[in-house]
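Colleague: In this note's numbering, the protein residues as written are 1 to 345.
Using N, Cα and C, we set each Cβ at its ideal position, and we do this for glycine too.
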Ligand code: TXA
Ligand code: MG
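1. Just the Cα atoms here: how many angstroms apart are residue 126 and residue 262?
2. With DSSP as the reference, identify every bridge partner of residue 46, one or two as the case may be.
3. Taking the runs of the beta strand (DSSP E) that are 3 residues or longer, which of them lie wholly in the region 85 to 131?
4. Between the Cα of residue 72 and the Cα atoms of 328, 295 and 97, which residue gives the shortest distance?
5. Work out the CA separation of residue 285 and residue 277 for me, nearest whole Å.
6. Going by the C-beta, is residue 78 closer than 7 Å to any heavy atom of the ligand TXA?
7. Could you tell me whether the region 14 to 33 touches the region 120 to 136, where touching means 3 or more Cβ pairs closer than 8 Å?
8. Please list the segments of the alpha helix (DSSP H) lying wholly inside the region 268 to 344, counting only runs of 4 or more residues, in order along the chain.
9. Less than 8 Å between C-beta atoms, sequence neighbours within five positions excluded: which residues of the same chain meet that for residue 155?
10. Please confirm whether residue 114 and residue 66 have their CB atoms less than 8 Å apart.
11. Say the cut is 7 Å; is the CB of residue 116 nearer than that to a heavy atom of the ligand TXA?
12. Would the C-beta of residue 276 count as close to the ligand MG, meaning under 7 Å from any of its heavy atoms?
13. Specify the secondary structure class of residue 187 as computed by DSSP and reduced to three states.
14. Hey, out of 43, 240, 297 and 268, whose CA is closest to residue 274's CA?
15. Measuring from the CB of residue 183, is there a heavy atom of the ligand MG at a distance below 7 Å?
16. How would you write the range of the alpha helix (DSSP H) that residue 260 sits in, first residue to last?
17. Among 325, 194 and 334, which has the Cα closest to the Cα of residue 241?
18. Nearest to residue 140 by CA position, among 123, 323 and 148, is which residue?
19. Three or more beta-carbon pairs under 8 Å between the region 74 to 83 and the region 8 to 19, yes or no?
20. If you measure between the beta carbons of residue 244 and residue 315, is that distance less than 8 Å?
21. Check whether the Cβ of residue 145 lies closer than 7 Å to any heavy atom of the ligand SAM, and answer yes or no.
22. Look at residue 101 and residue 195 and say whether their C-beta atoms are less than 8 Å apart.
23. Please go through the same chain and pick out, in chain order, the residues whose beta-carbon is closer than 7 Å to the beta-carbon of residue 94, but skip the five residues on each side of it.
24. Starting from residue 220 and walking both ways along the alpha helix (DSSP H), at which residues does that stretch end?
25. May I ask which residues mark the beginning and end of the beta strand (DSSP E) holding residue 70?
26. In the structure shown, what three-state DSSP assignment does residue 76 receive?
27. What are the partner residues of residue 14, as DSSP defines its beta bridges?
28. If you compare alpha carbons, which of 137, 281, 37 and 63 is closest to residue 45?
29. I need the straight-line Cα distance from residue 264 to residue 225, nearest angstrom please.
30. Just mark residue 228 as buried or exposed, buried being the case when its beta carbon has 16 or more other beta carbons within 10 Å.
31. Identify which residue in 88, 117, 59 and 164 has its Cα closest to the Cα of residue 6.
32. Could you check if residue 153 belongs to the surroundings of the ligand MG, using beta carbon to heavy atom distance under 7 Å?
33. Given a cut-off of 8 Å on the beta-carbon distance, is the pair residue 256 and residue 270 in contact?
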């Protein structure tokens with residue numbers, strides 16, 4: 001058990017002394033959890049194989065699932081991977097921001113960090129505390145989401161404390177993460193641009209910069225038994241709440257009638273829309289926001305899934321989201337959380 005320090009930093013200038021200490025911990029091979037605009041990250045020195053091993057151990061993560069390298073500015077990627085024209089075009093549009101780009105790896109990054117792959121994922125976060133931490137450390141920061149493996153990514157310091165207390169040297173509480181879903185991942189490793197994980201930078205936004213963007217089949221479909229995933233993370237169980245999670249696919253009226261009926265028959269939690277609250281029994285309801293506000297639904301999803309764990313229910317119901325805009329990112333996370341269980345009503 002480590003003696004985890006918890007510090008609150010909302011403004012990097014006011015938190016300068018704590019950020020300096022956090023940077024010292026990272027350079028010395030320790031682990032620091034920090035806020036980003038997407039989800040909280042579990043950071044360690046990306047050039048240090050021992051630090052990477054500690055990250056895998058703290059999360060309970062299989063060591064073949066590679067980590068994302070967080071950098072201060074897009075050109076820093078030169079030191080760690082082989083960049084190209086598309087990298088800089090995407091960087092100009094979307095960095096700093098919630099985009100991760102996969103490129104061929106250079107030797108400066110140990111293969112422990114990339115789960116043995118010869119490619120590496122780089123991301124330049126926009127969140128001011130994250131940026132100040134990377135600057136204070138003066139090294140690239142390897143960071144997966146700061147949840148225990150299999151659990152929803154943490155979007156508040158409370159989530160992090162639940163999962164990581166005693167497992168890391170420091171937790172920086174920077175308040176709630178703005179977006180709430182992990183970064184968009186695009187691979188430029190090879191001839192084509194391939195979307196591996198959808199996020200707040202949407203498919204359409206990427207297509208404005210790259211002429212052709214392929215979408216990995218695992219983004220919206222279940223991998224078949226013998227299919228090799230393009231990203232190791234695609235094959236693991238994800239975001240799983242304790243109770244089974246079922247996604248409902250049908251008209252507004254049908255879904256509402258179905259939910260009303262189930263509430264009389266079983267102990268269920270419902271990730272519902274604001275508009276439905278007045279029509280349901282006010283027990284174990286988690287409003288994810290108005291029906292049309294996909295951004296707010298994205299912001300609330302992981303917190304709602306975590307809350308169901310305290311409700312002792314037999315089943316959780318949610319709405320199958322549309323696949324356009326940020327809806328694709330919601331869809332991707334929700335079908336995984338539901339282990340691809342979709343019920344037509
Ligand atoms: O928003 C985010 O990206 C957050 C914050 C902390 O930056 N990080 C994050 O990291 O979500 P993680 O480790 O939870 O998810 C990274 C995903 C994994 O599914 C991993 O398999 C994939 O990225 N990945 C990393 N490097 C890769 C590579 N070289 N090739 C293919 N997939 C890679
Ligand atoms: Mg993760």
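Modeller: Straight from the coordinates:
1. So the alpha carbons of these two residues sit roughly 43 Å apart.
2. For residue 46, which the question treats as bridged, DSSP gives no partner whatsoever.
3. The qualifying runs are 99 to 104 and 119 to 123.
4. Cα-wise, what sits closest to residue 72 is 97.
5. Their backbone Cα atoms lie some 8 Å apart in a straight line.
6. No, the beta carbon of residue 78 sits no closer than 7 Å to any heavy atom of the ligand TXA.
7. Taking 8 Å as the limit for Cβ pairs, the verdict is that the region 120 to 136 does touch the region 14 to 33.
8. Runs of the alpha helix (DSSP H) inside the region 268 to 344: 294 to 308 and 327 to 337.
9. The answer, listed in chain order, is 39, 40, 176, 177, 180, 299, 302 and 303.
10. By the CB criterion at 8 Å, residue 114 and residue 66 fall inside the cutoff.
11. With a cut-off of 7 Å, the C-beta of residue 116 is classified as distant from the ligand TXA, since no heavy atom of the ligand falls inside that distance.
12. Checking the Cβ of residue 276 against the ligand MG gives no.
13. In the three-state reduction of the DSSP assignment, residue 187 falls in the strand class, which pools E and B.
14. It is 297.
15. No, the beta carbon of residue 183 sits no closer than 7 Å to any heavy atom of the ligand MG.
16. From DSSP, the alpha helix (DSSP H) with residue 260 extends over 252 to 265.
17. Of 325, 194 and 334, the smallest CA-CA separation from residue 241 is found for 334.
18. Among 123, 323 and 148, the Cα nearest to that of residue 140 is on 123.
19. Fewer than three Cβ pairs drawn from the region 74 to 83 and the region 8 to 19 lie within less than 8 Å of each other, which leaves the two stretches out of contact.
20. Yes, the Cβ-Cβ distance between residue 244 and residue 315 is below 8 Å.
21. Looking for the ligand SAM in the displayed structure turns up nothing; the ligands present are the ligand TXA and the ligand MG.
22. Between residue 101 and residue 195, the C-beta spacing is not below 8 Å.
23. So the list reads 201, once near-sequence residues are dropped.
24. Counting along the chain, residue 220 falls outside any alpha helix (DSSP H), and DSSP gives it neither H nor E.
25. Its beta strand (DSSP E) spans residues 68 to 70.
26. Note: residue 76 maps to helix in three-state DSSP.
27. Residue 14 is not bridged to any residue.
28. The option with the nearest alpha carbon to residue 45 is 137.
29. In a straight line, the C-alpha of residue 264 is about 38 Å away from that of residue 225.
30. It counts as exposed.
31. When only C-alpha atoms are compared, the closest one is 164.
32. Yes, since a heavy atom of the ligand MG falls inside the 7 Å radius drawn around the Cβ of residue 153.
33. Pairing residue 256 with residue 270 gives a Cβ-Cβ distance that is not under 8 Å.
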